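Here is the structure we will look at.
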Amino acid sequence: MSLASTLSASSSPPSPGPADFNLPAIFEVGALEVTKPMVLLAISAVLIALLFAASARPAAVVPGRLQFAGEMVYGFVRNGIARDNIGSHDYQRFVPFLFAIFTFVFVNNYYGLIPVVQFPSMSHIGFPLALAAITWIVYNGAGIARHGFLGYLKHETVPSGMKGPILVLLVPLEFLSNILLRPVTLTLRLFATMFAGHLLLLLFSLGAEYLLLHSENTLAIPAGIASAILFVGISFLEILVMFLQAYVFTLLASMYIGEALADEH
Amino acid sequence: MISTRLVAAAEGEELNPLIPHTAEIVLSAAVFLLLLVLIVKFVVPGFEKAYAARTAEIEGGIEEAQAAQKEAQAALEQYNAQLAEARHDAARIREEAKEQGAQILAELRADAQAEAQRITSAAHAQVEAERAQVVAQLKSEVGTLATELASRIVGEALTDDARSQRTVERFIAELEESAN
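The structure is reproduced here in structure tokens:
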């Protein structure tokens, strides 16, 4: 649809908006319309699995280039995120999950900057929502397995050292923030940054194109140049944001797991 | 553009980006879980194996270093023990030498004293013998001289007379007695 708006830009100024995220179906399987982000999502899983399986396969003491690169990413998630937040006793069980989250979000975010692909799949709220739901199941499941159902509820909702009537106020608040809202904020944070980032890139790229090529206004050329420069600047910002969002999602997931497993908080 | 807007508007709620598509949720969950399975099966074991091997290698290196250190310590101890023994031996030998030296000195001294004694006594004996000889010689000479003197004084030949000889001997004996 962004293609359609670009082509029709000669007649009227483009107005990129949420509609540009509803891409037409590439093909249909029965009643299911298969769109570009769906295909990208599937490709990302294949890419990640192939790349890291090839990297991990030698399992050499002295790593080659590919293994070294893979180990850097794996070690970053394993030691920098999982071990630091979950603790050296339990973290190993959650490393695969956190590694999958990090690489999956990472690749799907960077789709937004790769030429031709140029669409961050995570800007469709359904994708991060599924990841957040799985994260919710994992951290609550880990907590319940450790403390029992009621024990875990008490663990998450009653702050340590709190006694008396204040709990009437605190327990619902803690329940809301620790159990109900966490998947929502996880979803919205990732979705909204990817959505907004892509929208900004659309705005400045389409704007630059229209102002430089199709507008008859004399001020359009400098404005178009400014728009193009901003497009490049925001692209660099997006490089940072795309990594940060993958990192933050993984970091928060590991913190939730660590908190759920903690003996006393 | 206008047509797509119209289509979007006709679809209404579809435009709201906050409404998730069920198909996308299911697909995302399925793809992610599949990826998770692949990672568990093919990625994590390899990296963990490499980590474990590396840890083992480092620990092996440390063990080797510790063994080498222990060996060096043992060698040092042995060397020190040998050195101490050698020192002890040297001290013992020095002591023995000192003792032997003292003993030899004492023996030499004793020998020298005995020799001196012997020389002295030999000299004494010789002197005694010479004296006795001289005394015996003198006895006869003095007798002869005295007799000659007496005969000159008396004017009579007293020589070789047995009587006079006896008198002289008696006189000398008295002389010896009084000298003693």
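From first to last, the protein sequence lines are chains Z and P.
According to our numbering, the stretch in the first sequence is residues 7 to 271, in order.
According to our numbering, the stretch in the second sequence is residues 1141 to 1320, in order.
C-beta atoms are modelled at their ideal positions from N, C-alpha and C, and glycine is treated no differently.
Please read these numbers as outputs of a predicted model, since none were measured by experiment.
To which residues does DSSP link residue i through a beta bridge?
| i | result |
| --- | --- |
| residue 35 of chain Z | Z/38 |
Give a yes or no on whether the C-beta atoms belonging to residue i and residue j are separated by under 9 Å.
| i | j | result |
| --- | --- | --- |
| residue 83 of chain Z | residue 104 of chain Z | yes |
| residue 87 of chain Z | residue 108 of chain Z | yes |
| residue 200 of chain Z | residue 115 of chain Z | yes |
| residue 134 of chain Z | residue 248 of chain Z | no |
| residue 69 of chain Z | residue 1190 of chain P | yes |
| residue 65 of chain Z | residue 1185 of chain P | yes |
| residue 136 of chain Z | residue 1169 of chain P | yes |
| residue 162 of chain Z | residue 266 of chain Z | yes |
| residue 158 of chain Z | residue 262 of chain Z | no |
| residue 207 of chain Z | residue 241 of chain Z | yes |
| residue 48 of chain Z | residue 1178 of chain P | no |
| residue 54 of chain Z | residue 138 of chain Z | no |
| residue 1304 of chain P | residue 1313 of chain P | no |
| residue 1172 of chain P | residue 143 of chain Z | no |
| residue 89 of chain Z | residue 80 of chain Z | no |
| residue 1157 of chain P | residue 30 of chain Z | no |
| residue 235 of chain Z | residue 193 of chain Z | no |
| residue 164 of chain Z | residue 176 of chain Z | yes |
| residue 1192 of chain P | residue 39 of chain Z | no |
| residue 264 of chain Z | residue 93 of chain Z | yes |
| residue 76 of chain Z | residue 100 of chain Z | no |
| residue 237 of chain Z | residue 129 of chain Z | no |
| residue 203 of chain Z | residue 173 of chain Z | no |
Which word fits residue i, buried or exposed, when buried means at least 16 other C-beta atoms lie within 10 angstroms of its C-beta?
| i | result |
| --- | --- |
| residue 8 of chain Z | Confidence in residue 8 of chain Z is poor, its pLDDT being 47 and thus under 50, which makes the residue's placement unreliable; the coordinate value appears in the next sentence. With 16 or more other Cβ atoms within 10 Å, it is buried. |
| residue 256 of chain Z | buried |
| residue 1146 of chain P | Per-residue confidence for residue 1146 of chain P stands at a pLDDT of 45, beneath the threshold of 50, marking its modelled position as unreliable; the derived number appears in the next sentence. So residue 1146 of chain P ends up on the exposed side. |
| residue 1151 of chain P | Note that residue 1151 of chain P scores 48 on pLDDT, short of 50, meaning its location in the model is unreliable; the coordinates nonetheless yield the value given after this. With fewer than 16 other Cβ atoms within 10 Å, it is exposed. |
| residue 36 of chain Z | exposed |
| residue 1183 of chain P | buried |
| residue 44 of chain Z | buried |
| residue 71 of chain Z | exposed |
| residue 1143 of chain P | With a pLDDT of 45 at residue 1143 of chain P, under the threshold of 50, the predicted position of this residue should be treated as unreliable, and no value is reported. |
| residue 1261 of chain P | exposed |
| residue 113 of chain Z | buried |
| residue 1161 of chain P | buried |
| residue 61 of chain Z | buried |
| residue 13 of chain Z | Any reading at residue 13 of chain Z must be qualified, since the residue scores a pLDDT of 49, below 50, and its modelled position is unreliable; the value itself is stated next. Residue 13 of chain Z is exposed by the Cβ-count criterion. |
| residue 251 of chain Z | buried |
| residue 233 of chain Z | buried |
How would you list, in chain order, the residues of chain B whose beta-carbon sits under 9 Å from the beta-carbon of residue i?
| i | result |
| --- | --- |
| residue 130 of chain Z | Here chain B cannot be found, since the structure's protein chains are Z and P. |
### Task
Mind checking the segment 44–57 of chain Z against chain P and listing, in chain order, the residues whose C-beta falls within less than 7 Å of any C-beta there?
44, 47, 48, 51, 54, 55
### Task
Could you please tell me which residues of the segment 1158–1183 of chain P, in chain order, have their CB closer than 8 Å to any CB of chain Z?
1158, 1159, 1160, 1161, 1162, 1163, 1164, 1165, 1166, 1167, 1168, 1169, 1171, 1172, 1173, 1174, 1175, 1176, 1178, 1179, 1180, 1182, 1183
#### Entry: Selection of the segment 1185–1218 of chain P by Cβ proximity to chain Z, strictly under 7 Å
1186, 1187, 1189, 1190, 1193, 1194, 1197
### Task
Using a Cβ-Cβ cut-off of less than 7 Å, give me the residues of the segment 81–92 of chain Z that come near chain P, in sequence order.
Taking 7 Å as the cut-off between beta carbons, none of the residues of the segment 81–92 of chain Z comes near chain P.
### Task
Would you list, in chain order, the members of the segment 90–122 of chain Z that have their beta-carbon closer than 7 Å to a beta-carbon of chain P?
101, 102, 103, 105, 106, 110
#### Entry: Given 8 Å, three or more beta-carbon pairs between the segment 18–25 of chain Z and the segment 203–217 of chain Z
Touching, per the Cβ criterion.
### Contact residues within the segment 193–224 of chain Z, judged by C-beta distance below 7 Å to chain P
If the cut-off is 7 Å between Cβ atoms, the segment 193–224 of chain Z has 201 near chain P.
### the segment 62–79 of chain Z: positions lying closer than 8 Å to chain P by Cβ
62, 63, 64, 65, 66, 67, 69, 73, 76, 77
#### Entry: Interfacial residues, the segment 251–270 of chain Z to chain P, with Cβ spacing under 7 Å
none
### Query
Name the residues in the segment 24–36 of chain Z whose C-beta lies less than 8 Å from a C-beta of chain P; which are they?
24, 25, 27, 28
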